[in-house]
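Some notes on the structure that comes next.
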Amino acid sequence: MKQMKWLKFLIAFLVPVAGVMVCNNSLDSDTWYVLAEGREIVTNGIYYEDQLSMHEGLEVTVQNYGFAAIFYLIYSVFGPVGIYIGMLLLNVLLCYLIYKVCMVVSNKNENLSLLIMILTDLLLGRWFVVTRAQMVSYCIMMLLIYLLELYIRTNKSKYLWWIPVLSLLQINLHASLWPIIILIIGVYIIDSFKSKKLHLQGYRTKPLLLVLAISFVVGFLNPYGFKMMTFILTSYGVPEAHDTIQELKPFAPFMDSTTMMYCATFSFVLILYIFEGKKNMRMRWLLMIFGFLALALNTIKGLSQLILVLLFPLAAVYKDVWIEKWKTRKIRWMVLSWMGILSLVMIITVTVAKMFDSAGFGKPPEYAVAALDALDKDVGDIDKKTLKIYAGFDGGGYAIYRGYKTYMDSRMEVFLKANNGKEDIFVEWYDLQHNKIEKTDFLDKYNFDYLLLYDDDRLFDLDDVRYEEIYEDRNDDWEEIVRIYKRQKSDY
């Protein structure tokens with residue numbers, strides 16, 4: 138096995154990479170607004186009033202400003218392929234951190250750690266390994282747990298002094314998940330008090346309290362101050378958002394095959410803990426599991442954190458289980474080789490398929506490109522930024538990337554009064570889509586120059602003498618995909 142160790146590790150990391158490439162072989166739909174944010178920051182610096190929408194005076198907290206800037210720079214140099222490869226590299230780093238955590242809690246049970254690493258990443262990769270800032274947050278979260286577990290195992294405070302650095306990185310790269318750092322440290326503080334009755338392990342508390350205080354203070358080291366630290370509190374819990382955005386909806390078991398897979402996995406893992414967890418299970422792990430379970434039941438987005446903490450305690454619970462070694466060298470080589478070949482074939486197949494795909498790695502849908510090309514042609518030499526463009530939640534992201542200022546895009550938090558200090562634009566859009574606002578009243582209020590409409594928008598079949606349809610795209614897959622209306626007798 139020592140002679141084949143390199144092959145075992147190679148395949149252990151190839152398997153989740155192949156799984157991710159099969160489940161996700163394109164850029165996330167939020168890519169375009171993130172690129173627009175990054176371009177604005179790189180070009181003109183950090184901004185405090187929204188520069189991307191048509192609305193004036195909206196206060197803005199760009200909670201992922203650091204990630205957006207890096208994202209845009211990578212895209213500028215390497216294109217969409219660079220973004221996609223960056224996601225895969227972050228996923229490999231995440232796998233390595235999961236493996237290291239398992240190695241610490243299992244007293245270096247290597248095979249068990251690799252197995253748990255693979256299973257965790259395959260579960261995560263089905264929905265959550267995407268080209269978004271959350272990948273950075275996953276890595277920071279697992280590195281935090283690794284440092285805390287090293288501190289407990291070695292009783293050396295030196296590992297804790299890296300945690301404020303993680304706090305600084307998190308608040309400046311993806312602030313919406315910064316509170317998770319504080320919560321996880323808090324969980325480890327709870328388990329630091331010795332109590333047999335409450336099954337608390339007991340270890341030095343003072344270093345943890347000090348690091349918690351420093352990590353909290355470090356959170357202020359960002360361009361937006363306290364607003365960044367509390368961003369998640371003002372951006373979630375909006376009923377209209379939870380009803381519209383898929384990842385904010387509650388986790389609904391048995392809705393489809395994927396959710397059934399997750400439910401089956403969670404049930405099986407809980408059974409494993411019940412049978413063998415009394416001796417080696419720790420309160421801090423249980424608190425994280427059930428805490429993130431509560432979050433996952435409330436919103437699909439929270440499911441990813443549950444997956445990250447669900448399996449690694451198995452490495453401690455079953456660390457003494459001896460995984461039988463394969464009997465002959467021939468069998469070992471045959472199994473490992475075929476696993477490696479299968480993973481490589483999957484990776485190469487997906488890569489080649491996307492190279493010949495008309496959409497390619499990270500290109501926007503053809504109908505979106507065609508619609509914006511038509512809009513560009515009609516606009517001509519007019520400054521795009523002087524126009525008022527209506528676009529809905531899903532249609533605005535690519536439009537602002539193309540230089541237009543739209544009514545809406547998928548930056549939901551920007552259009553909430555709790556964040557922008559002016560108006561609940563997202564709620565207004567939601568009310569329009571649900572017949573709570575008359576179309577005429579809405580159009581009277583904004584007097585749009587153009588309307589970019591997809592077929593699920595309430596304004597799609599617009600019947601208003603002020604607007605003329607200038608573009609419509611149809612194809613075999615969709616009866617009507619997108620239309621563009623132009624306001625007549627415009628001053629421009």
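In this text, residue positions in the sequence shown follow my numbering: the first is 138, and each later residue adds one.
Beta carbons are placed, not taken as given, at the ideal position from N, Cα and C, and that holds for glycine.
Practice prompt. Within 10 angstroms of the Cβ of residue 150, are there 16 or more other Cβ atoms? Answer buried if so, exposed if not.
Written response: buried
Worksheet item: Assuming residue 365 and residue 198 make a contact with CB atoms under 8 Å, what is their CB distance in whole Å?
Response: 6 Å
Worksheet item: Considering only residues of the same chain and omitting the five flanking positions on each side of residue 251, which have a CB-CB separation below 6 Å?
Response: 149
Worksheet entry | Endpoints, the alpha helix (DSSP H) within which residue 503 is located | 503-516
Discussion item. So, with DSSP's three-state summary, where would you put residue 602?
Written reply: coil
Discussion item. I'd like the list of long-range same chain contacts for residue 263, defined as Cβ closer than 7 Å, with 5 residues on each side in sequence excluded.
Written reply: 160, 395
Item to complete: Would you check if the distance between the CB atom of residue 537 and the CB atom of residue 170 is smaller than 8 Å?
Response: yes
Worksheet entry | Best match in 276, 514, 294 for proximity to residue 233 [C-alpha to C-alpha] | 276
Discussion item. Assess contact between the stretch 189-207 and the stretch 534-549, defined as three or more Cβ pairs (one per stretch) separated by less than 8 Å. Is contact present?
Written reply: yes
Worksheet item: What residue from 225, 420, 285, 297 has the CA that sits closest to residue 268's CA?
Response: 225
Worksheet item: Is the stretch 342-360 close to the stretch 294-313, with three or more CB pairs under 8 Å?
Response: yes
Discussion item. Please give me, in chain order, every unbroken run of the alpha helix (DSSP H) with length at least 4 that falls completely inside the stretch 264-309.
Written reply: 271-291
Practice prompt. Report yes or no: do three or more beta-carbon pairs, one from the stretch 371-389 and one from the stretch 405-412, lie closer than 8 Å?
Written response: no
Practice prompt. Measure from the alpha carbon of residue 590 to the alpha carbon of each residue in 214, 553, 546, 556, then state which is nearest.
Written response: 546
Worksheet entry | Contacts around residue 103, its chain only, beta-carbon distance under 6 Å, and the 5 residues preceding and following it disregarded | In the structure as shown, the chain starts at 138 and stops at 629, and residue 103 therefore has no counterpart that could be examined.
Discussion item. Taking 8 Å as the threshold (C-beta atoms), are residue 310 and residue 201 in contact?
Written reply: yes
Worksheet item: Bridge partners of residue 610, per DSSP?
Response: 619
Practice prompt. Tell me whether the beta-carbon of residue 433 lies closer than 8 Å to the beta-carbon of residue 443.
Written response: yes
Worksheet item: Should residue 387 go down as buried or exposed, given a rule of 16 or more other Cβ atoms within 10 Å for buried?
Response: exposed
Worksheet entry | Reference residue 308, options 355, 401, 331, 519, closest by Cα | 355
Worksheet item: Is residue 372 closer than 8 Å to residue 553 when the C-beta atoms are compared?
Response: yes
Practice prompt. Can you tell me which of 337, 555, 511, 303 puts its alpha carbon nearest to the alpha carbon of residue 358?
Written response: 303
Worksheet item: Looking at the unbroken alpha helix (DSSP H) that takes in residue 589, where does it start and where does it end?
Response: Premise fails: residue 589 lies in the beta strand (DSSP E), 587-591, not in any alpha helix (DSSP H).
Worksheet item: So, is residue 495 buried or exposed, given that buried needs 16 or more other C-beta atoms within 10 angstroms?
Response: Unreliable positioning characterises residue 495 in this predicted model, as indicated by a pLDDT of 42, which lies under 50. The coordinate reading is nonetheless provided below. The residue is exposed, with fewer than 16 neighbouring Cβ atoms inside 10 Å.
Item to complete: Using three-state DSSP, classify residue 190 as helix, strand or coil.
Response: strand
Worksheet entry | Whole runs of the beta strand (DSSP E) within the stretch 149-212, excluding any shorter than 3 residues | none
Practice prompt. Decide if the stretch 568-588 is in contact with the stretch 512-529; the criterion is three or more beta carbon pairs, one per stretch, under 8 Å apart.
Written response: yes
Item to complete: Tell me whether residue 606 is buried or exposed, calling it buried when 16 or more other Cβ atoms sit within 10 Å of its Cβ.
Response: exposed
Worksheet item: Candidates 441, 559, 325, 428: which alpha carbon is nearest residue 274's?
Response: 441
Worksheet item: Measuring CA to CA, which of 204, 179, 164, 526 is closest to residue 221?
Response: 164
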